[in-house]
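Report on one structure; see the data block that follows.
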């Protein structure tokens with residue numbers, strides 16, 4: 001018997017992003033047919049920098065690591081807060 005795979009959901013490790021990812025997970029669960037949805041919180045460059053973001057690249061710094069994880073196949077889909085995009 002094989003174990004079902006899980007869908008990997010990438011998101012920022014912030015309270016807002018985690019709350020929004022939980023809402024998406026809850027909305028998808030009725031359609032998941034028992035497939036688990038694993039949350040993969042990430043710390044982004046924007047989370048680590050303590051100077052004004054407009055000086056160093058703007059809001060995209062909150063998305064880069066999550067987008068790269070998608071491209072590498074480390075996560076299957078992502079939830080971004082609109083304020084970070």
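Numbering (the numbering used here), first residue to last: 1 to 85.
Note that CB positions come from ideal geometry on N, CA and C, so glycine has one too.
Same chain, Cβ closer than 7 Å to residue i, five either side skipped, listed in chain order
i: residue 79; result: 9, 11, 17, 20, 21, 24
i: residue 70; result: 10, 78
Proximity of residue i and residue j at Cβ, strictly below 9 Å
i: residue 162; j: residue 74; result: Because the chain in this structure spans residues 1 to 85, residue 162 falls outside the shown range and cannot be described.
i: residue 47; j: residue 14; result: yes
i: residue 45; j: residue 64; result: yes
i: residue 37; j: residue 28; result: yes
i: residue 5; j: residue 35; result: yes
Close Cβ partners of residue i (< 8 Å) along its chain, the five nearest in sequence each way excluded
i: residue 67; result: 78
i: residue 32; result: 7
i: residue 61; result: 44, 45, 46, 49, 53
What runs of the alpha helix (DSSP H), each 4 residues or longer, lie entirely inside the stretch 8-84? Within the stretch 8-84, complete alpha helix (DSSP H) segments of at least 4 residues are found at 15-28, 45-48, 64-72, given in chain order.
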